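Below you'll find the structure, written out as structure tokens, and then a few comments.
Number of protein chains: 2
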Amino acid sequence: MNLKELSDILGLSQTTVSRALNGYPEVSEATRRRVAEAARAHNYHPNTQAKRLATGRAMAIGHVIPISTQHEIVNPVFADFIAGAGEIYSRSGYDMVLTIVPDDEEEAAYRAFHSKRNIDGVIIHGPKLKDNRLKLLDSLGLPYVVHGRSSGILDPYSWVDVNNARAFERATTFLLDLGHRDIALINGIETMDFAYRRRKGFERAMVLRNTPVRDDLIYSGEMTEGQGYAAMNRMLALPVPPSAVLTSSLLGAMGARRAIEDKGLQMGRDISVLTFDDELGYLSNGGDEPIFTAARSSVREAGRLCARTLLNRIKEPDLPPETTLLEAVLVVGHSTGPAPFR
Amino acid sequence: MNLKELSDILGLSQTTVSRALNGYPEVSEATRRRVAEAARAHNYHPNTQAKRLATGRAMAIGHVIPISTQHEIVNPVFADFIAGAGEIYSRSGYDMVLTIVPDDEEEAAYRAFHSKRNIDGVIIHGPKLKDNRLKLLDSLGLPYVVHGRSSGILDPYSWVDVNNARAFERATTFLLDLGHRDIALINGIETMDFAYRRRKGFERAMVLRNTPVRDDLIYSGEMTEGQGYAAMNRMLALPVPPSAVLTSSLLGAMGARRAIEDKGLQMGRDISVLTFDDELGYLSNGGDEPIFTAARSSVREAGRLCARTLLNRIKEPDLPPETTLLEAVLVVGHSTGPAPFR
DNA sequence: AGCGGCTTTCAAAGCGCTTTGGCTCCCAAA
DNA sequence: TTTGGGAGCCAAAGCGCTTTGAAAGCCGCT
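Chains as they are written, first to last, in my numbering: chain X, 16 to 357; chain Y, 16 to 357.
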């Protein structure tokens, strides 16, 4: 059942039927109802491809998800981010098209999106410092919104980010207030913008309190349980181990806890752990009461915001870039306590 | 730059240019080269929408990912599965389109896929017992492959599944061999086919050894860290707690370990833990040496296989259904040991 | 010279929609 | 009675590709 058949049945032109179904004003209410009725009765659904060709709009948003060639890690926050974004897309009739590529083919993936013309815009995931995807997309003229920011890029662009520096500054201050001085940071890879900002926040808080930042208490790497475990283990073996540790992910915090307990120590008493919590659906930080003290910000909500922002930009391409800065909430759980005497 | 412009430049008809670029035989090698050259020089890329309309093939695969309305959980294995499938799709020029829906709108999502005609086939995730999506898709005539199986569906269909029953039977036998008798099962939701089969495998092994299956040692629910922790906690509080536990996911096993260690017990000595391990990229079970003893099968590889199978079916719709049964490997880590004396 | 049979190329008709630029009524205003 | 204008509808021209059916060119043969 296509438009022609339907309009033949109705004894109307394709024009009128199309306009009736798409809510154009130049069609009488009576006809509109009759058309809508017939469309339902005959189970008519417009052919998406034809519509896309005719309008020139793809009605789809692209996401490029890199697989790190060395580590084979699909960042687990993608799942939740995408769940949030997908919610908005489907509500607006947009499709979400995903491309999974080795990270050295990422640029090619964006170019392919552009030249195939099968999407109207993209979301940039995991921006790095001075991320060169931004100018690539600018040059292609593809609308985009960045999930995060890219330090070093001066031209304005649209983004949705959580205030990582502030969150880690506050978290660090919280630990300092508890008397900790040897505070460790188990961070993400610092070529990633979010990790860079987190370290800056951490350092700022330390400096403001005249507390030395110890290089041997800073780790930067993949945010997995295993890496968190390994990093914590190494730090616990130091002559002066940390009395508190900040981790960049709940998974990392779980690894750190395991290392702590392996040593027969107790988290929250012997060593404090404070983590960033993305509120991933499948990895909650306890129920009503948090287990880990954490700086919390929902990545799913960030997905929703990114999607909304992007759809807006697609609708109104001439609007100036729109930016959203989210503040993380500090929630207190059982993983932190006053610094023990030494 | 479109086909018409390109063929005008070349002084050829659109037909010839199209055929040249698509590798049809009725075009001379000389012309083909000339066309290919010009296409590159002028940066010509065919318009995907037009191509799709003309051929009637959407060149895209749909995935419907439900969000449980009660629990807000996006199953973390999706990420890895999709990474595997996406690899195959992009290699074959297919797009992957994702729809995220509340699970009571899942059926509508499949119908939408069908009536919008924007995909050529779908993958069914997380099949339940007697899953009614299968007959829905059959009736719509939409090619599909199931990741998993659906007990109770008798008509043949294409699937890729791991031998869950066998894996859990072997795992259970492994624990029985170590002298355990009070073995607990922390399973997924048993309306899910995989969880049902795992329980069957578990029970079979127990029955074959004349070991009673204790109802109070069986838990079925979401496979999160928190649920694993809670379930293990409850079981440890029983008059006769288990000496070993099987969990359906690494996350659940991590929760169980936490409960065990909270009680001051040691995993592998006081209580054995054996888990299923999907080899998720971001949640590895240790490095070279596994931490948890586990039945291991890569969900990413399953994604690849599903994708290949589906693309095959799309190409050759008349082939009989194709099925693939994967066997999990039992790897021995540090989480299991002989049953302690009581 | 005429012919059949290749190979190579082409014009034109789709695919199913949107949108432009009319056209026809009908009614109120002049 | 004419006229201007709005309401409601339509035919046809796209959108950029594929594919059908036919034609043109070339070859060796008889």
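Note that beta-carbon positions come from the ideal geometry of N, C-alpha and C, so glycine has one too.
Predicted, not measured: the structure shown is a model, and the values here were computed from it.
Taking the straight line between their C-alpha atoms, what separation do you get for residue i and residue j?
| i | j | result |
| --- | --- | --- |
| Q242 of chain X | P336 of chain X | 37 Å |
| I168 of chain Y | Y159 of chain Y | 15 Å |
| A209 of chain X | E342 of chain X | Note on residue identity: the sequence assigns Phe, not Ala, to residue 209 of chain X. Distance between the alpha carbons of F209 of chain X and E342 of chain X: 14 Å. |
| D231 of chain X | L253 of chain X | 8 Å |
| I201 of chain Y | A246 of chain Y | 7 Å |
| V346 of chain Y | T290 of chain Y | 10 Å |
| V175 of chain X | G77 of chain X | 17 Å |
| D119 of chain X | V222 of chain Y | 52 Å |
| T239 of chain X | L21 of chain Y | 51 Å |
| G279 of chain X | G270 of chain Y | 18 Å |
| V314 of chain Y | V344 of chain Y | 13 Å |
| K143 of chain X | V137 of chain X | 16 Å |
| V161 of chain Y | D135 of chain Y | 15 Å |
| F183 of chain Y | E316 of chain Y | 20 Å |
| V288 of chain X | A75 of chain Y | 45 Å |
| G236 of chain Y | S263 of chain Y | 10 Å |
| G348 of chain X | P355 of chain X | 18 Å |
| P305 of chain X | A199 of chain X | 21 Å |
| S173 of chain Y | T339 of chain Y | 8 Å |
| R181 of chain Y | R164 of chain Y | 14 Å |
| N147 of chain Y | N178 of chain Y | 22 Å |
| I286 of chain X | R272 of chain X | 9 Å |
Write down the C-beta distance between residue i and residue j rounded to the nearest angstrom, noting that I regard them as a contact closer than 8 Å.
| i | j | result |
| --- | --- | --- |
| S166 of chain X | Y211 of chain X | 6 Å |
| V116 of chain X | P81 of chain X | 6 Å |
| L251 of chain Y | A274 of chain Y | 6 Å |
| I97 of chain Y | L266 of chain X | About 19 Å; that fails the 8 Å criterion. |
| Y125 of chain Y | V79 of chain Y | 6 Å |
| R214 of chain Y | E205 of chain Y | 6 Å |
| G296 of chain Y | A100 of chain Y | Contact doesn't hold; Cβ gap of about 14 Å is too wide. |
| R224 of chain Y | D197 of chain Y | With 8 Å as the limit, R224 of chain Y and D197 of chain Y do not qualify as a contact, their Cβ atoms being about 13 Å apart. |
| E41 of chain X | R34 of chain X | 6 Å |
How would you write the range of the beta strand (DSSP E) that residue i sits in, first residue to last?
| i | result |
| --- | --- |
| D176 of chain X | W174 to V177 |
| T206 of chain X | T206 of chain X -> no beta strand (DSSP E), and no H or E assigned at all. |
| A259 of chain Y | A259 to T262 |
| N202 of chain X | I198 to N202 |
| I115 of chain X | D110 to P117 |
| F291 of chain Y | S287 to D292 |
| I233 of chain Y | I233 to S235 |
| R311 of chain Y | T308 to R311 |
| V161 of chain Y | Y159 to H162 |
Which residue marks the beginning of the alpha helix (DSSP H) containing residue i, and which one marks its end?
| i | result |
| --- | --- |
| D277 of chain X | L265 to D277 |
| G136 of chain X | Per DSSP, G136 of chain X belongs to no alpha helix (DSSP H); it is in the beta strand (DSSP E), G136 to I139. |
| H349 of chain X | Note, H349 of chain X: premise wrong, no alpha helix (DSSP H); not H, not E. |
| A53 of chain Y | E44 to A56 |
| T338 of chain X | No alpha helix (DSSP H) holds T338 of chain X; the beta strand (DSSP E) holding it covers T338 to L341. |
| Y125 of chain Y | E121 to K131 |
| T70 of chain Y | T63 to T70 |
| V79 of chain X | Careful: V79 of chain X lies outside any alpha helix (DSSP H), inside the beta strand (DSSP E) at A75 to I82. |
| V32 of chain X | Q29 to L36 |
| M16 of chain Y | Note, M16 of chain Y: premise wrong, no alpha helix (DSSP H); not H, not E. |
| M250 of chain Y | E240 to L251 |
| E316 of chain Y | V314 to K330 |
Note down, in chain order, all residues in the segment 98–117 of chain X with a beta-carbon under 7 Å from any beta-carbon belonging to chain Y. Within the segment 98–117 of chain X, the qualifying residues are A98, G101, E102, S105, D110, M111, V112, L113, T114, I115 and V116.
Do the segment 306–313 of chain Y and the segment 152–165 of chain Y make contact, defined as three or more Cβ pairs closer than 8 Å? Look at the beta carbons and you see the segment 306–313 of chain Y not touching the segment 152–165 of chain Y: under three pairs across the two are nearer than 8 Å.
Specify whether the segment 18–30 of chain Y and the segment 321–336 of chain X touch according to this definition: at least 3 beta carbon pairs, one from each stretch, less than 8 Å apart. With a cut-off of 8 Å, the segment 321–336 of chain X and the segment 18–30 of chain Y do not count as touching, because too few Cβ pairs lie within range.
Short of 7 Å Cβ to Cβ, which residues in the segment 46–68 of chain Y face chain X? The segment 46–68 of chain Y vs chain X, Cβ under 7 Å: H60, N62, T63, Q64, A65, R67 and L68.
Three or more beta-carbon pairs under 8 Å between the segment 128–139 of chain X and the segment 56–65 of chain Y, yes or no? Counting C-beta pairs with one atom in each stretch, the segment 128–139 of chain X and the segment 56–65 of chain Y have three or more that are closer than 8 Å, which means they touch.
Inter-stretch contact at 8 Å, needing at least 3 Cβ pairs: the segment 287–302 of chain X / the segment 104–114 of chain X: Contact fails: fewer than three Cβ-Cβ distances are below 8 Å.
Is there contact here, the segment 49–60 of chain Y with the segment 91–100 of chain Y, by at least three beta-carbon pairs under 8 Å? No contact exists between the segment 49–60 of chain Y and the segment 91–100 of chain Y.
Are the segment 183–195 of chain X and the segment 255–265 of chain X touching, with three or more C-beta to C-beta distances below 8 Å? Output reads yes: the segment 255–265 of chain X touches the segment 183–195 of chain X.
Anything in the segment 117–143 of chain Y with a Cβ closer than 7 Å to a Cβ of chain X? List those residues in chain order, please. Result list: S130, K131, R132 and N133.
Residues from the segment 293–308 of chain X in contact with chain Y, defined by Cβ distance under 7 Å: From the segment 293–308 of chain X, only G296, Y297, L298, S299, G301 and G302 have a Cβ closer than 7 Å to chain Y.
Got a sec: which bits of the segment 230–254 of chain X sit with their beta carbon under 7 Å from any beta carbon on chain Y, in order along the chain? Close to chain Y, meaning a Cβ-Cβ distance shorter than 7 Å, are the following residues of the segment 230–254 of chain X: T239, E240 and G241.
Got a sec: which bits of the segment 258–270 of chain X sit with their beta carbon under 8 Å from any beta carbon on chain Y, in order along the chain? Within the segment 258–270 of chain X, those residues whose Cβ lies closer than 8 Å to any Cβ of chain Y are, in chain order, L266 and M269.
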